[in-house]
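Under mature numbering (1 follows the signal peptide of the UniProt record, and there is no 0), the letters of the sequence shown match residues -17 to -1, 1 to 286, in that order.
Glycine included, each C-beta is placed from N, C-alpha and C at the ideal position.
Below is one structure, written out as structure tokens; comments come after it.
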Amino acid sequence: MFVAFTVAALHANLSLWTPYLSDQPRKRKFLNGANFASAGATVLPFNDPDLLHLDIQLAFFKNVANLWRQELGNAEANKRLNNAVFLISIGGVDYFLFPSDKPNATESEKHEYVNWVIGNITNTITEIYEMGGRKFAFQNVAPVGCAPAVKQTYHIREDECMEELLELPKLHNNALINAVEELEIKLPEFKYLIFDYYNLVYDRVKHPFKYGIEVSNTACCGSGAYRGVDCGIGGYELCSDPNEYLYFDGNHLIERAYSQISELLWSGGKNVTKPLNMKQLIALEPHHEEIVKFSDHAMKSSE
């Protein structure tokens, strides 16, 4: 959710974080943070070279942490890691891919898969914590089954969502709460928020008029019954006014919706983000007497 980065940066008077894979000179581009996000990214390692899974993104982060140590010295690098907020927004693609990989999955297999995804996220957070990270913002998984791309792929009725791809995100989101609460017990300086992205999107799907939305079941741009695929490719269709829609293409909301939702991440109440919002999380000061110096931990560069 790039708009979340933008809104947080503007409110915190920070420059936008540079995409890790950008072509700017490496020594300059990451000193104020980095964006490791990638289209189609997954938590789990799928056999697809175009999907940058979470372990790869963690390796990218380790490279940036090493760069900070080289360019800024250990003391300043430690300070930046301790004060940084790590925004974790990943998992939707893992569940989007699940029905095609396991078309007849049992309830046990679904729970096992969710535990695998959550376990990988937890391991990543623990590694970042051991390197000095203290503040984490988790965005839970969206109602994937309502996306036009999903509805079109699985021939779902116009006024419905694909139930399995509502069930899996809900299982994930409940498991995420439990996992994060366990991390809070295990890691003494661990601070966090969980942002309820699922319900913010789902309410807009089911009650669009509350938000000034005219169309929530079809995308503005694309091809097919719900314009669910191929936005910008071939003979695609484009709506006349994107602001009347919830989804711009088969999987992504329009900018206005992202902006509204991101403002709630920044300063929303406990009904949408708890126990803190982003503004409160950024303002927290770490307890420096207990800070782990990341220079004490071996970090291998993946370059």
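From the DSSP secondary-structure annotation, give me the bridge partner or partners of residue i.
| i | result |
| --- | --- |
| Glu220 | Gly205 |
| Ala120 | Leu70, Leu176 |
| Ala17 | Thr1 |
| Ser236 | Checking the sequence shown, residue 236 turns out to be Leu, not Ser. According to DSSP, Leu236 bridges with Tyr230. |
| Thr256 | Phe178 |
| Val188 | Beta-bridge pairing links Val188 to no other residue. |
| Val133 | DSSP lists no partner for Val133. |
Nearest to residue i by alpha carbon, out of the options?
| i | options | result |
| --- | --- | --- |
| Lys45 | Ala17, Asn66, Asp179 | Ala17 |
| Asn182 | Gly195, Lys153, Cys203, Lys193 | Lys153 |
| Ala157 | Pro225, Glu141, Tyr180 | According to the sequence as given, residue 157 is Asn; it is not Ala. Taking only the C-alpha atoms, the option nearest Asn157 is Tyr180. |
| Ser199 | Leu236, Asp213, Leu34 | Leu236 |
| His190 | Leu259, Glu95, Glu90, Glu143 | Glu143 |
| Leu159 | Leu35, Pro269, Trp99 | Trp99 |
| Asn161 | Glu150, Leu149, Tyr175 | Tyr175 |
| Pro126 | Glu141, Thr109, Glu150, Glu172 | Glu150 |
| Phe178 | Leu259, Leu27, Leu166, Gly211 | Leu259 |
Count the other CB atoms within 10 Å of the CB of residue i; is the residue buried (16 or more) or exposed (fewer)?
| i | result |
| --- | --- |
| Lys118 | buried |
| Leu221 | exposed |
| Asn87 | exposed |
| Leu41 | buried |
| Gly251 | buried |
| Asp279 | Reliability of the predicted coordinates at Asp279 is poor, the pLDDT of 39 falling under 50, and no value is obtained from them. |
| Asp6 | exposed |
| Leu4 | exposed |
| Glu59 | exposed |
Residue i and residue j look like a contact to me (Cβ under 8 Å); what is the Cβ gap, rounded to whole Å?
| i | j | result |
| --- | --- | --- |
| Tyr209 | Gln135 | 5 Å |
| Asp77 | Thr25 | 5 Å |
| His155 | Ile101 | 7 Å |
| Ala240 | Leu229 | 6 Å |
| Ala266 | Asp232 | Between Asp232 and Ala266 the Cβ distance is about 35 Å, and since that is not below 8 Å, they are no contact. |
Would you say residue i reaches chain B, if we count a Cβ-Cβ gap shorter than 7 Å as a contact?
| i | result |
| --- | --- |
| Asn123 | Going by chain labels, chain B is absent from the structure shown, which holds only one protein chain. |
How is the alpha helix (DSSP H) around residue i delimited, first residue to last?
| i | result |
| --- | --- |
| Ile168 | 147 to 169 |
| Phe192 | Counting along the chain, Phe192 falls outside any alpha helix (DSSP H), and DSSP gives it neither H nor E. |
| Tyr96 | 90 to 113 |
| Leu41 | 37 to 55 |
| residue 292 | This structure does not reach residue 292, given that the chain is present from -17 up to 286, and the question cannot be answered. |
| Ile265 | 261 to 266 |
| residue 292 | The question about residue 292 has no answer, for the chain in this structure spans -17 to 286. |
At a threshold of 6 Å, does residue i count as lining the ligand GTP (C-beta to nearest heavy atom)?
| i | result |
| --- | --- |
| Leu264 | Here there are no bound small molecules, and the ligand GTP is not part of this structure. |
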